[in-house]
Amino acid sequence: MNKKLFVLLFAVVMGVAGYLKFSANDVKAQELKKNKISIAMRADPKTLDPQKSIDTMSNKSITLIYDTLLDLDENLNLKPNLAESWERLDDCNVVFHLKKGVKFHNGEELKAEDVKFTLERAASSPQTLYLFKPITKVTVIDDYTVQVTTDKPFGALLNNLAAVQGGIVSKKAVLEYGDDYVNHPVGTGQYKLKEWLPGNRIVFEGFKDAYQGAPNFEELTYLTIPEVSNRMIALETGEVDVAFDIGIMDKETIENSNNLELVEVESPALLYLGFDQTNPIYQNKKLREAIAYAIDNQTFVDVVFRGSAVTGDSPLPKASPAYNGNVKKYNQDIEKAKKLLAEAGYPNGLDIELWCMDDGPRVDMCVIIQDQLKKIGINVEIKIFEFGAYVSKTALPNKELYFLSWNSSGDGDVALYPLFHSSQHGAPGNRSFYSNKKVDELLDKARVSVNEEERTTLYKEVQNILQEDLAIYPLAYPKINLAKNKNLTGLVFKKNGDIDLTNLDFNQK
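Quick note on the working numbering: the sequence shown kicks off at 179 and runs consecutively.
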């Protein structure tokens, strides 16, 4: 063999070897990436117990661990889940037939007794009373059949059973761990808890025996990244594959990216100012009206959300089927606001506090409110609280003007009952401690109706009263978003803000 040929062959062999080495490393990296996925969220979950959850951050983790009897598709239509079928015996009784062979994370099989235990627990939990209080009896017919009885006809029952708070827990695990169950959650979902470091991350490992099939990832991590700019950086650098709650300023960057994709949907979410009716200052209706007339909601849509929101003009968002667009409006009118403030007993203005959680867009909105109220003589001091502390603090009576949100399934019962029924004061949702017998009556009547047309009429009447009473002032209905790696497939972003990761996977090119 001549020298030139030898050198050529050697180069070819080494090149192939180098290519094979590179390919092997590349494949290994792809496998590692496929086996693990990271998602950025803005705050820690407050709990991993479905019957204790009232916040969206907790819900995002809970949906990984637990399954519900029924589920909602992308457009919020009901579909089977742990219950493969169901039938209504009469207006107050529904029988559910469970899938057989469904395993909990502890290896136990799901039985009707677990469903009974869960629903009775949900019907007595302060955080979930608004969803499940009408349930008076749960009867085990056999291991895979359960009957749910309500005290009266309950139009929202099936939708509520699809809510995160209806996640079916293992009776054995709850009794075994007691008060420490939150650190040892046991469900039937595709992921189970591996590690929870509050303020840093929560790690889940895939559950191979999940009835839906093992997930495509061996490990899924939620990273707590409060700052929206840092979530964006983590997404751009590949530290995370998905980021919830992307900043409006980053939308253009994502839309122009070859590697990232923005997913945005309208939702039945409400941002509002709350007037605590146990605080004597805010029992003054003219003061509440003065504040409302001083605020321009369009500014939030244009400046803070840059079009990714709709102006608020009713306690029920426009994405909800029962939305009433004919309620009393409080379009900005500075002179009228000043006049009302004087009639309220504050001709020279007053000083107030405005509470808010440490969330960028909400703080920005509060700064705008501060500026707008100053124009009528109200000096606002903004006080910002950490998310968990804020949720607890706003559940207490006699508080200052506060900024909050409410996310619902779109059903009028879930959107209005917890926020305004007098039985829901405090933690369940009615943090303004509002009471109105007529509103209670209408909400109760809508609850027992199984006629959707009648329910819609009742909820529209409720909105008329609420806008007149002004226990809260609707600010905006934000669209919800997330950004993700373009190669990530199978993610379903529902209109209620829930995420279905059942079929999540990387597209292998």
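Glycine included, each C-beta is placed from N, C-alpha and C at the ideal position. Only a predicted model underlies this, so the values are computations on that prediction, with no experimental measurement involved.
Inter-residue spacing [alpha-carbon to alpha-carbon] between Thr225 and Gly566: 10 angstroms
The stretch 349-367 / the stretch 271-291 touching (three or more Cβ pairs under 8 angstroms): yes
Beta-carbon spacing of Leu449, Tyr655 below 9 angstroms: yes
Segments assigned beta strand (DSSP E), at least 3 residues, entirely inside the stretch 563-591: 579-585
Candidates Phe453, Ile426, Thr323 and Leu297, of which the one nearest Val441 by Cα: Ile426
Straight-line gap, Ala573 to Glu632 (C-alpha atoms, nearest Å): 32 angstroms
Local conformation of Asn338 per DSSP, three classes: helix
First and last residue of the uninterrupted alpha helix (DSSP H) at Ser544: For the sequence presented, residue 544 should be read as Cys rather than Ser. That run of the alpha helix (DSSP H) goes Gly538 to Lys552.
Backbone CA spacing between Leu644 and Thr399 [nearest angstrom]: 41 angstroms
Three-state class that DSSP yields for Asp622 in the structure shown: helix
Length of the line joining the Cα atoms of Ala290 and Asp233: 28 angstroms
Collapsed DSSP secondary structure at Lys561 in the structure displayed: strand
Segments assigned beta strand (DSSP E), at least 3 residues, entirely inside the stretch 247-322: 248-250, 256-258, 261-268, 271-276 and 313-320
Environment of Gly604 [buried if 16+ CB atoms lie within 10 Å]: exposed
Per-residue DSSP class, three states only, for Ile556: strand
Which of helix, strand or coil DSSP assigns to Ile763: Nothing can be reported for residue 763, as the shown portion of the chain is limited to 179 through 687.
Contact belief for Cys534 with Ile556 at Cβ below 8 angstroms, rounded distance in angstroms: Going by Cβ atoms, the distance from Cys534 to Ile556 rounds to 16 angstroms, so no, they are not a contact pair.
Distance, Gln229 Cα to Phe310 Cα: 10 angstroms
Closest Cα partner of Asn462 within the set Leu518, Val418 and Ile432: Leu518
Cα-Cα separation, Gly416 to Ser486: 25 angstroms
C-alpha gap between Val628 and Cys270, whole angstroms: 10 angstroms
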